[in-house]
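Visitor: Numbering (the working numbering), first residue to last: 626 to 987. Structure incoming, see below.
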Ligand code: F6P
């Protein structure tokens, strides 16, 4: 059995669930246990399990059949240990972070592997600064983590959204309607952009490009005058109007709190008011996060998981596994923390969308 610097490691999944999480857990744990003889401690429900010392020693039997299983066998939460109040967890520890450090030490962990998005890897970076050994894996359907070309979960969500857009075409054309579909992606529009191109969206609205309803109306009316009796409008949940983009954070939050329904419903109302074209709305929501991962995500998650286990063995701590130009690398966690990968306005996919005639709301 090859040597390993790490003898016992913890693993947790945190933040929004995503297809591929179980494939990644399987990749880490099988390699760690079967190749290197490590003990793997699975914490339940993200950082909360580590704070409350809720864990189980993972046995090989737990990984049979989970490669294609959605969700996470460990459960998840959106606990933010550095943001939560002192004593917020019913423990007598002075703080969540102190509880984490205490439990990490009591279990004699050599390293903690965290599978999650921006928040999870930022917490991982801060725990690393506090002296814990941490390795991160980039998980999110939003694909908005810096330093990696792609995150697992994205391709499955893209496939779900594209299939939904395909289906909307037939009902839109049968009723001569504008179909608005709202997809996930609060701060970054990767899912909206890629599914809009893949599904042939006529209008695609992204958080990165504040939209002008008059530009949208002109595009839809142009289509109608060219005999196109229906249109598909893809709206990222983080899309906003040019007027909203001019608001400060507080005013924007207030305006959104007063908005009836989510952004997809408002865009549909605005389109109807501007053009008179009958519009309907589909909010895809959590369907983009549920169910079995597509093959690409199973492979990517397995590669990330085994790469993390190899980094455990060599003691390459304080890094996040990433895919860069098709190479698996480890990037320092501090380079990932507190950053988000939004769609650059000169990205090739923006160009592709425009070249095929998509209106991006501007
Ligand atoms: O981060 C992934 C994500 O699905 C976002 O796209 C979405 O806005 C958010 O999580 C929803 O969060 P929650 O699961 O807490 O409702």
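Idealized CB from N, CA, C, for every residue including glycine. It should be emphasised that the depicted structure is a prediction, and the values quoted were computed from it without experimental measurement.
(1) Measure how close the beta-carbons of residue 683 and residue 638 come, nearest whole angstrom, since I'm counting them as under 8 Å.
(2) Spatial neighbours of residue 967 within its chain, please: C-beta separation below 8 Å, excluding the five flanking residues on both sides.
(3) Under a Cβ-count criterion, where at least 16 other Cβ atoms within 10 Å of its own Cβ denotes burial, should residue 875 be classed as buried or exposed?
(4) With H, G and I counted as helix, E and B as strand and the rest as coil, what does DSSP make of residue 855?
(5) Under the rule that 16 or more other beta-carbon atoms within 10 Å means buried, what is residue 847, buried or exposed?
(6) Measuring straight from C-alpha to C-alpha, what distance separates residue 816 and residue 626?
(7) Cβ of residue 780 versus every heavy atom of the ligand F6P: is any distance shorter than 6 Å?
(8) Residue 636 lies in the alpha helix (DSSP H); which residues open and close that run?
(9) Going by DSSP, what residues sit across from residue 949 in a beta bridge?
(10) Quick one: what does DSSP say residue 866 is sitting in, helix, strand or coil?
(11) Strictly by DSSP, which residues pair up with residue 904?
(12) Could you check the C-alpha separation between residue 736 and residue 759 for me, to the nearest Å?
(13) Return the chain-ordered list of same chain residues with a C-beta closer than 6 Å to the C-beta of residue 892, the five sequence neighbours on each side being excluded.
(14) State the beta-bridge partners of residue 681 as determined by DSSP.
(15) Does the Cβ of residue 765 lie closer than 6 Å to at least one heavy atom of the ligand F6P?
(16) In whole angstroms, give me the CA-to-CA distance for residue 629 and residue 939.
(17) Mind checking residue 704: buried by the 16 CB within 10 Å criterion, or exposed?
(18) First and last residue of the alpha helix (DSSP H) that includes residue 653?
(19) Please name the residue in 756, 894, 840 whose C-alpha comes closest to that of residue 802.
(20) Is any heavy atom in the ligand F6P found nearer than 6 Å to the beta carbon of residue 809?
(21) Assign residue 673 to one of two classes, buried (16 or more other C-beta atoms within 10 Å of its C-beta) or exposed (fewer than that).
(22) Here's a check: name, in chain order, each residue in its chain whose Cβ is nearer than 6 Å to the Cβ of residue 781, leaving out the five neighbours to either side.
(23) Straight-line CA distance for residue 750 to residue 757?
Guide: The answer reads as follows:
(1) Going by Cβ atoms, the distance from residue 683 to residue 638 rounds to 12 Å, so no, they are not a contact pair.
(2) 769, 812, 813, 814, 832, 833
(3) exposed
(4) coil
(5) exposed
(6) 42 Å
(7) no
(8) Counting along the chain, residue 636 falls outside any alpha helix (DSSP H), though it belongs to the beta strand (DSSP E) covering 633-638.
(9) 952
(10) strand
(11) 803
(12) 6 Å
(13) 805, 860
(14) 667
(15) yes
(16) 6 Å
(17) buried
(18) 646-655
(19) 894
(20) yes
(21) buried
(22) 644, 918, 919, 922
(23) 9 Å
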